[in-house]
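If you're matching positions, the sequence shown starts at 41 in my numbering and goes up one per residue. Where is the CB? At the ideal position from N, CA and C, for every residue including glycine. See structure below.
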Amino acid sequence: ISKVLYVPSLNCNLISVSQLIDDTNCVVQFTNSLCVMQDCTLRMLIGVGEQRNGLYYFRGIHREKVFKVEEVSMFDFWHKQMGHPSLQIT
């Protein structure tokens, strides 16, 4: 987010929803108890806020790696797919 204001006396961060939407590619949905921010391109959850006393307080999102992608040559790919032993054995 650009054009932010730093206020040292505040003990929390305030977010302008209109500026967030203007500066990022996300959607923000509100219910009477929750505020959900989601990236429109990746469809990933950015944050969830719980409503307390008229304000939405956001929790941290814990992201874990669920897969690993690595580049493999087509020869190595098909060699393994066909059940052939590794080249070091042959």
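Buried or exposed for residue i, going by 16 or more other Cβ atoms inside 10 Å?
i, result
"C75", "buried"
"Y96", "buried"
"M84", "exposed"
"M77", "buried"
What residue range is occupied by the uninterrupted alpha helix (DSSP H) comprising residue i?
i, result
"V57", "V57 to D63"
"S114", "Strictly speaking, residue 114 in this sequence is Met, with Ser absent from that position. Per DSSP, M114 belongs to the alpha helix (DSSP H) from M114 to Q121."
Quick one: what does DSSP say residue i is sitting in, helix, strand or coil?
i, result
"M84", "coil"
"E111", "coil"
How would you write the range of the beta strand (DSSP E) that residue i sits in, first residue to last?
i, result
"V68", "C66 to F70"
"L95", "L95 to F98"
"L74", "L74 to D79"
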